[in-house]
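Peer 1: Residue numbering for the sequence shown follows the working numbering, starting at 4 and increasing by one per position.
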Amino acid sequence: MCTPGGVPLRRDLPPRWWEPVGGGAARWTQRSEVAADARFFGLGGRASGPRLRDGVHRLWNTDPGRPFGPGDDPLYLTMPVQLVVADAGTHLVFHDNSFDGTVMLREGVEGAGSGHDRAGTSELRMAGGPLRCWVVVGTPARVAQVWASLTGAAAVPPAWALGHQHARWGFGDEQEVRRIVAGYHERGLPLDAVHLDIDHYDAHQVFTVDQDRFPKLPVLAEELRRDGIRLVSIVDPAVRAAPGNAVFEAGTAEDAFVRDASGSVVRGVGWPGEVVFPDFTHARVREWWGGLYEERIAQGFAGFWHDMNEPTSFAAFGETTLPRSARHALEGRGGDHREAHNVYALCMARAGYEGVREGVPEERPFVFSRSGWAGMQRYGGTWSGDVATGWPGLRASLSLVLGLGLCGVPYSGPDVGGFDGCPSPELYLRWFQLASYLPLFRTHASVRAGRREPWEFGAEVLGHARVALVERRRLLPYFVTLAQLARRTGAPYVRPVWWGTPEDRALRDCEDAFPARRRPAGGSGARGGG
């Protein structure tokens, strides 16, 4: 593959195949060469990015089971989408294959004019599925636009979802939510949404409410809405497998749950205990699941946060997901979890998005998902997942947002302050300031972590946080414009500094900044921060 001027951009070597053994899928590998000066980006959400260094990167959506940092791979959202940027041009490669796989990358080495450059290499190994590849060549902007036309335009979030959102695993009850909201109001801090985690459920069962702790949830939601604040609900795919659970009984009647090769429903372990999993790769099941959001809408929720949808099943050993032999509809083709795993969250996002659109047609749906695959931008965005508290976690947060944007997922953001532990006042402030310029601006933490409200870190931090919140509110029309541009052009909200001049090598190697910022915010002792 060459530029119009004949300069080589990529050379794909003949693939190698391994015939199926014992009823398994055919495996294959393909090696490609790129320019010696090329840099690799993409492959979904990578904490070590956005530039991908030499090494092996797995394509298998994975819950790491602990707060992660830059060295953890893979994470929740992987996709076989690779952006390669070189002096001669930019190209995107998408392998339309959702099976487990790995990508081994090695950057090239230039011969300093000797003519003995060593090409960069990319070696893709897939555990099954077809070798079906799409290649797009052009400027970064053109590549993004063509990629969006291939996989679908990004959903535009409602304007309130571009403001500040506050979440916590462990809010406790209605009075705790009111106390937090009052704290924002009393201190003159803008707030646009509050998120309720699994602890608002009845015994952690999806599409339920703990009536002891949230006895008048619709009233609370209406009070918040009058103050310009929306309520967002977590939604997990795992359904408690117990008689009397209305969702389980309705799903059983609908034959909605994943089965194994013998025809038995696959069971796992989740927050409610023993659970079963809807097969979102079946259109009928998506329609049934989407209808369940009517209960959430009736409770007053305006947005939905999909979690644990890699999918994750707790296990003492082995993979923390469904058995690879589990059967899925796969849109009528039939297949097993080896092929369905990576698209499971994508199909769940589609079910939720279409259900909310049907339930509240006069409003834009707001759905964001921890896991996903290529094309998930059609149904919403994503967030970092459980990023570790610390300066490396702050850097990983920006890496994820930049990398996902280059893969066509423009709406994302981190858990401000990190998911675990207690950030120092400076770390919290730098994270807060950075996130105020990212698409999803949300404070969130584990039930075992320290508080994340700005006033918990002292008067100085509170003052700077107020400035960041007021600035975010002032820039809301700008973010709305970015959302519309992302839908129309495929361009991410947050773009790397080389976006307009990819031939600038110094900019290609800059990973801790983006054009909207004035100063760096990625290290202890940094000053300023917009």
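All C-beta atoms in this analysis are idealised placements derived from N, C-alpha and C, irrespective of residue type, glycine included.
1) Measuring CB atoms only, is the stretch 16 to 24 touching the stretch 43 to 53, in the sense that at least three cross pairs come out at less than 8 Å?
2) Taking the beta carbon of Asp215 as the centre, do at least 16 other beta carbons fall within 10 Å, making it buried, or is it exposed?
3) Would you tell me roughly how many angstroms separate the C-alpha atoms of Ala348 and Trp376, rounded to the nearest one?
4) Let's test the definition: count the other Cβ atoms within 10 Å of the Cβ of Cys410 and tell me whether it reaches 16, buried, or not, exposed.
5) Using 10 angstroms around the beta-carbon of Ala206, count the other beta-carbons present and answer buried if the total reaches 16, otherwise exposed.
6) Check the C-beta distance from His344 over to Asn64 and give it rounded, since I have them as a contact under 8 Å.
7) Count the other C-beta atoms from every protein chain shown that fall within 10 angstroms of the C-beta of Pro451, then say buried if there are 16 or more, exposed otherwise.
8) Pro77: which of Val87, His98, Leu55 sits nearest, CA to CA?
9) Please report the straight-line C-alpha distance between Thr399 and Leu153, rounded to a whole angstrom.
10) Grab me the residues of Pro518's own chain with a C-beta within less than 7 Å of its C-beta, minus the 5 sequence neighbours each way, in chain order.
11) Would you call Pro495 buried or exposed, if buried means 16 or more other Cβ atoms sit within 10 Å of its Cβ?
12) From what residue to what residue does the beta strand (DSSP E) around Glu36 run?
13) Relative to the C-alpha of Ala157, which candidate in Val483, Gly393, Leu12 has its C-alpha closest?
14) Helix, strand or coil for Trp458 per DSSP?
15) Name the DSSP beta bridge partners of Gly416, please?
16) Hey, how far is the Cα of Thr93 from the Cα of Ala509?
17) In this structure, does DSSP put Cys350 in helix, strand or coil?
18) Taking Gln168 as the reference, give the member of Ala489, Leu465, Pro442 with the closest Cα.
19) Just the C-alpha distance for Arg30 and Pro23, rounded to the nearest angstrom, thanks.
20) Using the three-state DSSP reduction, which class does Glu322 fall into: helix, strand or coil?
21) Within the continuous alpha helix (DSSP H) that includes Pro2, where are the two ends?
22) If you draw a straight line from the C-alpha of Phe460 to the C-alpha of His203, how long is it?
23) Output yes or no for whether 8 Å exceeds the beta carbon distance between Glu357 and Gly306.
24) For Gly9, count neighbouring C-beta atoms within 10 Å of its own C-beta (all shown protein chains included) and say buried if the count is 16 or more, exposed if not.
25) Considering Glu342, what are the terminal residues of the alpha helix (DSSP H) in which it resides?
26) Which of helix, strand or coil does DSSP assign to Ile232?
27) For His447 and Thr392, I'd like the C-alpha separation in whole angstroms.
28) Between which two residues does the beta strand (DSSP E) harbouring His203 extend?
29) Does Glu36 pass the burial test, meaning 16 or more other C-beta atoms within 10 Å, or should it be called exposed?
30) Under DSSP, the alpha helix (DSSP H) around Thr484 begins and ends at which residues?
31) Mind checking which residues open and close the alpha helix (DSSP H) that includes Arg398?
32) The beta strand (DSSP E) with Thr105 in it runs from where to where?
33) Judging by CA-CA distance, which residue of Ala489, Pro480, Ala329, Cys350 is the nearest neighbour of Leu407?
34) Please look up how many angstroms separate the CB atoms of Pro83 and Gly104, rounded, as I've assumed it's under 8 Å.
35) For the alpha helix (DSSP H) containing Arg373, name the first residue and the last one.
36) With 16 as the cutoff for other CB atoms within 10 Å, does Thr324 come out buried or exposed?
Peer 2: Well, looking at it:
1) Taking a cut-off of 8 Å for Cβ pairs, the stretch 16 to 24 and the stretch 43 to 53 do not touch, as fewer than three such pairs fall below it.
2) The residue labelled residue 215 in the question sits at position 212 within the sequence shown. The residue in question, Asp215, is exposed, as its Cβ has fewer than 16 Cβ neighbours within 10 Å.
3) As a working mapping, residue 348 is identified with position 345 in the sequence shown. As a working mapping, residue 376 is identified with position 373 in the sequence shown. Taking the Cα positions, Ala348 is about 7 Å away from Trp376.
4) Along the sequence shown, read from residue 1 onward, the residue named residue 410 stands at position 407. In this structure Cys410 is buried. Its beta-carbon is surrounded by 16 or more other beta-carbon atoms within 10 angstroms.
5) As a first step, residue 206 is located in the sequence shown; it is residue number 203 there, counting from the start. Result: exposed.
6) If you number the sequence shown from 1, residue 344 lands on position 341. If you number the sequence shown from 1, residue 64 lands on position 61. About 7 Å; that satisfies the 8 Å criterion.
7) If you number the sequence shown from 1, residue 451 lands on position 448. Checking the sequence shown, residue 451 turns out to be Arg, not Pro. Flag for Arg451 reads exposed.
8) As a first step, residue 77 is located in the sequence shown; it is residue number 74 there, counting from the start. Of Val87, His98, Leu55, the residue nearest in Cα terms is Leu55.
9) Taking the sequence shown and counting its residues from 1, the one referred to as residue 399 is at position 396. Taking the sequence shown and counting its residues from 1, the one referred to as residue 153 is at position 150. First, the amino acid is wrong: residue 399 is Ala here, not Thr. One alpha carbon belongs to Ala399, the other to Leu153, and they sit about 28 Å apart.
10) Here residue 518 refers to the residue found at position 515 of the sequence shown. If we look at Pro518 and ignore the five residues flanking it on each side, its Cβ neighbours are Arg498, Val500.
11) As a working note, residue 495 is residue 492 in the sequence shown. Taking every protein chain shown into account, the CB of Pro495 has 16 or more other CB atoms within 10 angstroms, so this residue is buried.
12) By 1-based counting over the sequence shown, the position of residue 36 is 33. Here the beta strand (DSSP E) through Glu36 covers 30 to 37.
13) One-based indexing of the sequence shown puts residue 157 at position 154. Considering only Val483, Gly393, Leu12, the residue with the shortest C-alpha distance to Ala157 is Val483.
14) In the sequence shown, counting from the first residue as 1, residue 458 sits at position 455. Correct three-state label for Trp458: helix.
15) The residue given as residue 416 occupies position 413 in the sequence shown. Paired residues: none, contrary to the question.
16) Your numbering for residue 93 matches position 90 in the sequence shown. Your numbering for residue 509 matches position 506 in the sequence shown. The C-alpha of Ala509 is placed about 16 Å away from the C-alpha of Thr93.
17) Indexing the sequence shown from 1 puts residue 350 at position 347. Here Cys350 sits in helix by DSSP.
18) Your numbering for residue 168 matches position 165 in the sequence shown. In terms of Cα proximity to Gln168, the closest of Ala489, Leu465, Pro442 is Pro442.
19) Taking the sequence shown and counting its residues from 1, one reaches residue 30 at position 27. Taking the sequence shown and counting its residues from 1, one reaches residue 23 at position 20. Rounded to the nearest angstrom, the gap between the Cα atoms of Arg30 and Pro23 is 7 Å.
20) On the sequence shown, residue 322 is found 319 positions in, with the first residue counted as 1. The answer is coil: DSSP assigns Glu322 none of H, G, I, E or B.
21) What is shown of the chain runs 4 to 533, which leaves residue 2 out entirely.
22) Here residue 460 corresponds to residue number 457 of the sequence shown, with the count starting at 1. Here residue 203 corresponds to residue number 200 of the sequence shown, with the count starting at 1. Their Cα atoms are separated by approximately 26 Å.
23) For the purposes of this step, residue 357 is identified with residue 354 of the sequence shown, where counting begins at 1. For the purposes of this step, residue 306 is identified with residue 303 of the sequence shown, where counting begins at 1. Contact flag unset, no.
24) Numbered from 1 along the sequence shown, position 6 holds the residue referred to as residue 9. Result: exposed.
25) Numbered from 1 along the sequence shown, position 339 holds the residue referred to as residue 342. Note, Glu342: alpha helix (DSSP H), 340 to 343.
26) Here residue 232 refers to the residue found at position 229 of the sequence shown. Three-state DSSP puts Ile232 in coil, outside helix and strand.
27) Looking up residue 447 in the sequence shown gives position 444. Looking up residue 392 in the sequence shown gives position 389. If I take the Cα positions, the gap works out to 11 Å.
28) Here residue 203 is taken as the residue at index 200 of the sequence shown, counted from 1. Per DSSP, His203 belongs to no beta strand (DSSP E) and is neither H nor E.
29) Here residue 36 corresponds to residue number 33 of the sequence shown, with the count starting at 1. By the 10 Å Cβ count, Glu36 comes out buried.
30) In the sequence shown, residue 484 corresponds to position 481, counting from 1. Counted as a single uninterrupted DSSP element, the alpha helix (DSSP H) harbouring Thr484 occupies residues 479 to 492.
31) Within the sequence shown, the letter at position 395 stands for residue 398. Annotation: the continuous alpha helix (DSSP H) that includes Arg398 extends over 394 to 409.
32) By 1-based counting over the sequence shown, the position of residue 105 is 102. Per DSSP, the continuous beta strand (DSSP E) segment holding Thr105 begins and ends at 104 to 109.
33) One-based indexing of the sequence shown puts residue 407 at position 404. Among Ala489, Pro480, Ala329, Cys350, the Cα nearest to that of Leu407 belongs to Ala489.
34) Sequence index remark: in the sequence shown, residue 83 carries index 80 (1-based). Sequence index remark: in the sequence shown, residue 104 carries index 101 (1-based). That pair is a contact at about 7 Å.
35) In the sequence shown, the residue the question calls residue 373 occupies position 370. For Arg373, there is no enclosing alpha helix (DSSP H), as DSSP marks it with neither H nor E.
36) Within the sequence shown, residue 324 is the residue found at index 321, counting from 1. By the C-beta density criterion, Thr324 is buried, having at least 16 other C-beta atoms within 10 angstroms.
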